[in-house]
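2 protein chains.
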Amino acid sequence: MSAELGGEPGKAGPAGESAVDAVVQQIRNLIASSKLKVGDHLPTERDLCAQFNASRNTVREAMRILKAYGLVDVRPKIGATITDNRMTRAFELFSFNTMEISRKTFSDVQAFRSLIEVGSADLFFDRLRQEDLDDLSEINASLAENHDLNEASEIDFAFHVRLVSILDNHAVLDVYAVMKPVILRIMQKGKTRRTFMTETFSEHQDVVDALAARDRLAFQYRLRSHLMIGFRFFSEEMEESA
Amino acid sequence: MSAELGGEPGKAGPAGESAVDAVVQQIRNLIASSKLKVGDHLPTERDLCAQFNASRNTVREAMRILKAYGLVDVRPKIGATITDNRMTRAFELFSFNTMEISRKTFSDVQAFRSLIEVGSADLFFDRLRQEDLDDLSEINASLAENHDLNEASEIDFAFHVRLVSILDNHAVLDVYAVMKPVILRIMQKGKTRRTFMTETFSEHQDVVDALAARDRLAFQYRLRSHLMIGFRFFSEEMEESA
DNA sequence: TAGGACTTTCTTGGTCCAACAAATAAGAAC
DNA sequence: GTTCTTATTTGTTGGACCAAGAAAGTCCTA
Chain A
1 MSAELGGEPG KAGPAGESAV DAVVQQIRNL IASSKLKVGD HLPTERDLCA QFNASRNTVR
61 EAMRILKAYG LVDVRPKIGA TITDNRMTRA FELFSFNTME ISRKTFSDVQ AFRSLIEVGS
121 ADLFFDRLRQ EDLDDLSEIN ASLAENHDLN EASEIDFAFH VRLVSILDNH AVLDVYAVMK
181 PVILRIMQKG KTRRTFMTET FSEHQDVVDA LAARDRLAFQ YRLRSHLMIG FRFFSEEMEE
241 SA
Chain B
1 MSAELGGEPG KAGPAGESAV DAVVQQIRNL IASSKLKVGD HLPTERDLCA QFNASRNTVR
61 EAMRILKAYG LVDVRPKIGA TITDNRMTRA FELFSFNTME ISRKTFSDVQ AFRSLIEVGS
121 ADLFFDRLRQ EDLDDLSEIN ASLAENHDLN EASEIDFAFH VRLVSILDNH AVLDVYAVMK
181 PVILRIMQKG KTRRTFMTET FSEHQDVVDA LAARDRLAFQ YRLRSHLMIG FRFFSEEMEE
241 SA
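Residue numbers (full-length UniProt numbering), protein chains in the order written: chain A, 1 to 242; chain B, 1 to 242.
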C-alpha cells in the first residue's frame, strides 16, 4: 500500500504539476462528479489520502488552498464541508494589508470608490436628508481637531462611510467594511496630521456644501478630485518579473 | 471565516487561534515591519520555523495560504518572494467552477451587478451615445438567433459588458472580466436556448428601449428585474448532509 | 424495564518530527 | 569558460501524538 521508496513516481500527473496541485484538482473533480452542494461533507482527510494515494500532509496543504479559496470550510472533528464564500474572499484580497500600498492598488481601489461615490450622485440627491448633512458636517468637524494619523484616517473613513450610507445599500457598506484596511492606508499615504486638519477637512466640506446646494456637477467634481489627489504620492514602480 | 486573513475580524471567534493562523499573522507582521516590497525574499522555511517556534508543516500550511492569496511566490531552492497577484488570484477564484452555483453566490453576484448597472443609471444617461444603442441592439439581435446555451450566454454577457462599457470605467470592466465564468453560469441557470431567444432577448430590448427613451425609472426597474429574475431557480439550501 | 446521566472509546482534524527526493544556486575542478 | 560537485532549500512522505467532540456503552435511579 505504501509508495515505493525511491522508485518511479509512476502514476504522477503531467510533468511539472506538484502533488498538492494534483490533489486540489482531484478534489475539485470529486466535488463536480459527485455533484456535491453547499453543506455536503467531503471525505475525511485520511480517506482522501487513500483515495488519491497521497500523504496526509499533501492532502492537508491542498485543503488549505481550497479553504483559502472559500470553497470548503473545515472544522475539527466535523470535517470538511462544501461552502461558497468566493465573493467574500475576492473582496478580502484587498483587505490583506501587509505590504506598502502599491500604485496599482491605489488606482484600483480609488477607481472603485469613485464608481460608488461619484457614480451614484443622482441617488445621493434623491435620498439626501437634512440629518445626513448634519452628520457629515459633524464628522468632518472632528477631523479639524488634533488627532494622530490613525485617528484622523478613521474619521476620514467614517466620513465616507456615512456618505455612502445615504445610498442605503448594504452590499456597498459591506464592500467598504472589507476594504477598510486598504482604504485607511490609502488615506494616510503622504499625509500628516496637519494635512487632515486642513486640506482633507476642506475638501470634505466642499463636498458637503455641494450636497447641501444640490449642485450635482460640483459634488461629482470635488469628490472625484478628493479621491484622486493622493495619486501624486505613488511613484511609478517597475514591473517585476516572475 | 478567514481567521487567517481578517486583521481584526471583531467576531466572537473561538479564543484559541490555530498555530497556522498565528504563523500567517506573524509572517504578515514580518513583511510589514521589515518593509518588504515586491520582489524581496522571505526567510527560508526552516528559518521561519525557528523564528516562530513552529514546525515546518505548520509554516508550510501558512505559506500555502499566503500563496493562495497571491502574496508570495515560492519556488524550490529559490524560496518565497513577495508578489502581488491578488487580481490574478481573484480570477482563479471565479474559475473554480466545479460546483453548482449556490443561491448565495447568485445573490452576491447579482446584487453587485445591480449596484453597478442599476446604480449607475444617471451616469449611463450622461454618457449615452447613439452608437452605444446601436451596438446594444445589434448584440441583442444576435441573441434572438439560434445558438446553443454556451453561445447564448456569451452573447448575454457581451450585452451587459457593452452596457457597462458606457461607463468608461476600466475597473468595472476588469471586475466583469474576472467574474465572467460565474456570470455565465448564472445566466445559464434554469434557461434553455429558447429562453434566451425569447425572454432574455425581450428583457434586453426593454432595457435598450428605456435607454433610448431616456426613461430612467423604466431603465432601472427593467434592468433590476432582469438581473433578479433567475432567483427563482435557486432553492433554499440546508446546512447538514444526509 | 425505561430513561437519563455518566463514562469510555473511537474518530478526526491539528501539530510535530524525521527522513528522503528533486531542483538548483554556488562553488570547485578542469 | 565549461563542467562537475556540493550544499541548500523546497516538495513529499509516513508516522506519531494530542485535543476536542461524537458515538457507543454503562450505570444508576425512578
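Beta carbons: idealized from backbone N, C-alpha and C, even for Gly. Nothing here was measured: the structure is a model prediction, and the numbers come from that model.
For a contact meaning CB atoms closer than 7 Å, what does residue i contact in chain A?
i	result
B:D168	Correct list: empty, because the minimum Cβ distance to chain A is about 11 Å.
B:I65	R64, A68
B:F233	Simply none; closest approach about 14 Å.
B:N57	N57
B:R60	E61
For a contact meaning CB atoms closer than 7 Å, what does residue i contact in chain B?
i	result
A:D132	Ordered by position in chain B, no residue passes the 7 Å Cβ test against A:D132, which lies about 18 Å from the chain.
Taking the straight line between their C-alpha atoms, what separation do you get for residue i and residue j?
i	j	result
B:G6	B:G70	Unreliable placement is indicated for B:G6, whose pLDDT of 41 sits below 50; no coordinate value is reported for it.
A:S55	A:V23	10 Å
B:S18	A:I82	21 Å
B:P9	A:H147	Note that B:P9 scores a pLDDT of 33, beneath 50, so its modelled location is shaky; the value from the coordinates is reported in the next line. Spanning the two alpha carbons is a distance of roughly 25 Å.
A:T44	B:F159	44 Å
A:D206	A:V178	27 Å
A:K37	A:V72	11 Å
B:E199	B:I229	10 Å
B:L93	A:L93	11 Å
B:D215	B:F125	9 Å
B:L133	A:R185	41 Å
A:H226	A:Q51	57 Å
A:E138	A:A144	10 Å
A:I183	B:L123	24 Å
A:A218	B:K104	39 Å
A:E151	A:S202	17 Å
B:M197	A:D21	40 Å
B:L223	B:Y176	17 Å
A:L136	A:K189	23 Å
A:F91	B:R194	36 Å
Residue range of the alpha helix (DSSP H) that residue i falls in?
i	result
B:V161	149-165
A:A218	216-228
B:A111	103-117
A:M63	56-68
A:M87	86-92
A:S209	In the sequence under discussion, the amino acid at residue 209 of chain A is Asp, which differs from the Ser named in the question. Where A:D209 is concerned, the enclosing alpha helix (DSSP H) stretches over 201-212.
residue 281 of chain B	Nothing can be reported for residue 281 of chain B: it is not among the residues displayed for chain B, which extend from 1 to 242.
A:V38	That residue, A:V38, is in no alpha helix (DSSP H); it is neither H nor E in DSSP.
residue 247 of chain B	Outside the shown range of chain B (1 to 242) lies residue 247 of chain B, about which nothing can therefore be said.
A:E131	130-143
A:F196	Where A:F196 is concerned, there is no enclosing alpha helix (DSSP H), given that its DSSP letter is neither H nor E.
B:E45	45-52
Run down chain A in chain order and give the residues with a C-beta less than 8 Å from the C-beta of residue i.
i	result
B:S225	Under the 8 Å cutoff, chain A gives no residues; its nearest Cβ is about 17 Å from B:S225.
B:T105	D84, R86, M87
B:I21	The amino acid at residue 21 of chain B is misidentified as Ile; the sequence shows Asp. None at all; the shortest Cβ gap to chain A is about 11 Å.
What first and last residue would you give for the beta strand (DSSP E) that runs through residue i?
i	result
B:R75	72-75
A:I82	79-82
Which bits of chain B does residue i rub up against, with CB to CB less than 8 Å?
i	result
A:K37	M99, E100, S102, E237
A:F196	Those within 8 Å of A:F196 in chain B number zero; the least Cβ separation is about 22 Å.
Under a Cβ-count criterion, where at least 16 other Cβ atoms within 10 Å of its own Cβ denotes burial, should residue i be classed as buried or exposed?
i	result
A:N29	exposed
A:F231	exposed
B:A121	buried
B:F157	buried
A:L173	exposed
A:H204	buried
B:K67	buried
A:L163	buried
B:Q130	exposed
A:I155	buried
B:H41	exposed
A:N85	buried
B:I116	buried
A:R168	For the record, residue 168 of chain A in the displayed sequence is Asp; it is not Arg. So A:D168 ends up on the exposed side.
B:I101	buried
Taking C-beta pairs closer than 9 Å, name the residues in chain A that residue i reaches, listed in chain order.
i	result
B:A80	What B:A80 touches in chain A: nothing, since even the nearest Cβ is about 13 Å away.
B:R222	Those within 9 Å of B:R222 in chain A number zero; the least Cβ separation is about 17 Å.
B:A54	Those within 9 Å of B:A54 in chain A number zero; the least Cβ separation is about 14 Å.
B:L184	In chain order: nothing, as chain A lies at least about 15 Å away.
Next item on the list: Could you run through the region 41-52 of chain B and flag, in chain order, every residue whose CB is less than 7 Å away from some CB of chain A?
Entry: Under the 7 Å Cβ criterion, the region 41-52 of chain B contributes no residue.
Next item on the list: May I ask you to list, following chain order, the residues of the region 149-178 of chain B that have a beta carbon less than 9 Å from some beta carbon of chain A?
Entry: L167, N169, H170, A171, V172, D174, V175, V178
Check: At a Cβ cut of 7 Å, what residues of the region 199-218 of chain B count as close to chain A, listed as they run along the chain?
Finding: none
Notebook entry, point to check: Mind listing which residues of the region 115-143 of chain B have their C-beta closer than 8 Å to chain A's C-betas, in chain order?
Noted result: L115, I116, G119, S120, A121, D122, L123
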